[in-house]
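**Student:** Shown below is the structure under consideration.
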Amino acid sequence: MSMIGEYARVTSAELDRAINDPEWALGFVEELIDGEADEQSDPSEARFLDTDKAWDALGFLLRRVAFPVDVVHGEEVIPGAEDWGYGPPRYLTPERVKVAAEAFAEVSGASLVEGVAPEELARADVYPSIIWERGESLDYVREYYESLTPFFAAAARDGEAMLIWLD
């Protein structure tokens, strides 16, 4: 079983409802996922995005550049929410999404992975460690980072919040 990083753009009203009714939030997110499952949407148009198994490597690399927002795990837990896979969902407010989008604009995917070898991720036991132990390229992580950039930019432009979870 894999751990996948997942994101849903939500309006402020949808975030408020999710905080007050976590069961509604889960159903809402499942509908978003089902609605976009067969589409190859441009990240700037999508309301749902996943980072596959790159989430932990993204977190490792973002900590190295002192990224100002925890875009991998989110910053606030939805109170009373059930486990959505590997813990309860978390969220970023529209203000924090804007800070993240501005930071994404300052750090290119190439600069994020520059000078980092797979062996460094293996030593740090970054999930999934098997791919770093095999010496696989960080292009996989860079590509997901480059999807998050327009996804967050669109959410910031639209004044949206973000739900984040591991499934």
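Numbered according to our numbering, the sequence shown spans residues 295 to 461. For glycine and all other residues, C-beta sits at the position ideal for the given N, C-alpha and C.
Taking all protein chains shown into account, decide if P383 is buried (16 or more other Cβ within 10 angstroms of its Cβ) or exposed.
**Tutor:** For the purposes of this step, residue 383 is identified with residue 89 of the sequence shown, where counting begins at 1. P383 comes out buried.
**Student:** Mind pulling the alpha helix (DSSP H) runs of 4 or more residues that sit fully within the stretch 373 to 454?
**Tutor:** Listed in chain order, the complete alpha helix (DSSP H) runs (minimum 4 residues) inside the stretch 373 to 454 are 388 to 400, 403 to 407, 412 to 417, 423 to 427, 433 to 451.
**Student:** With a cut-off of 8 Å, do at least 3 Cβ pairs link the stretch 296 to 314 to the stretch 381 to 396?
**Tutor:** The stretch 296 to 314 vs the stretch 381 to 396: in contact.
**Student:** Using the Cα positions of T387 and P373, report the straight-line distance between them to the nearest angstrom.
**Tutor:** Translated into the one-based positions of the sequence shown, residue 387 becomes position 93. Translated into the one-based positions of the sequence shown, residue 373 becomes position 79. Those two C-alpha atoms are separated by around 14 Å.
**Student:** From this set, A449, D310, D315, which residue's C-alpha is nearest E396's C-alpha?
**Tutor:** Position 102 of the sequence shown, counted from the start, is the residue given in the question as residue 396. Taking only the C-alpha atoms, the option nearest E396 is A449.
**Student:** What's the C-alpha gap between S402 and A319?
**Tutor:** What you label residue 402 is simply residue 108 of the sequence shown in a count that begins at 1. What you label residue 319 is simply residue 25 of the sequence shown in a count that begins at 1. Taking the straight line from one Cα to the other gives about 32 Å.
**Student:** How is D346 classed by DSSP in three states: helix, strand or coil?
**Tutor:** Counted from its first residue, the sequence shown places residue 346 at position 52. It is helical.
**Student:** For V366, which residues in the same chain have their Cβ closer than 6 Å to its Cβ, ignoring the five residues on either side in sequence?
**Tutor:** Here the question's residue 366 lines up with position 72 in the sequence shown. Within the same chain, V366 has close Cβ partners W349, L352, G353.
**Student:** Compute the Euclidean distance between the alpha carbons of W423 and E408, then round it to the nearest angstrom.
**Tutor:** Position 129 of the sequence shown, counted from the start, is the residue given in the question as residue 423. Position 114 of the sequence shown, counted from the start, is the residue given in the question as residue 408. Inspection of the sequence shows that residue 423 is occupied by Ser rather than by Trp. Distance between the alpha carbons of S423 and E408: 19 Å.
**Student:** Taking Cβ positions, are A455 and L356 nearer each other than 8 Å?
**Tutor:** Taking the first residue of the sequence shown as position 1, residue 455 is located at position 161. Taking the first residue of the sequence shown as position 1, residue 356 is located at position 62. Cβ distance not < 8 Å, so A455 and L356 don't count as in contact.
**Student:** Can you list, in chain order, the residues of its chain with a C-beta nearer than 6 Å to that of E317? Leave out the 5 residues immediately preceding and following it.
**Tutor:** Start at 1 with the first residue of the sequence shown, and residue 317 comes out as number 23. Closer than 6 Å at the Cβ level, and outside the excluded window around E317, lies no residue.
**Student:** Would you check if the distance between the CB atom of G299 and the CB atom of D364 is smaller than 8 Å?
**Tutor:** The sequence position of residue 299 within the sequence shown is 5, counting from 1. The sequence position of residue 364 within the sequence shown is 70, counting from 1. No, these two residues do not count as a Cβ contact at 8 Å.
**Student:** Name, in chain order, the residues that DSSP records as bridge partners for I458.
**Tutor:** Start at 1 with the first residue of the sequence shown, and residue 458 comes out as number 164. Beta-bridge pairing links I458 to Y301, R384.
**Student:** Of all the options E437, S338, V323, which has the alpha carbon lying nearest to the alpha carbon of P444?
**Tutor:** Within the sequence shown, the letter at position 150 stands for residue 444. If we check each option's Cα against that of P444, S338 comes out closest.
**Student:** For A429 and F322, what's the separation of their Cα atoms in angstroms?
**Tutor:** Here residue 429 refers to the residue found at position 135 when the sequence shown is read from its first residue. Here residue 322 refers to the residue found at position 28 when the sequence shown is read from its first residue. It should be pointed out that residue 429 corresponds to Gly in this sequence rather than to Ala. Distance between the alpha carbons of G429 and F322: 39 Å.
**Student:** Please state whether DSSP places V371 in a helix, a strand or coil.
**Tutor:** The residue given as residue 371 occupies position 77 in the sequence shown. V371: strand per DSSP, three-state reduction.
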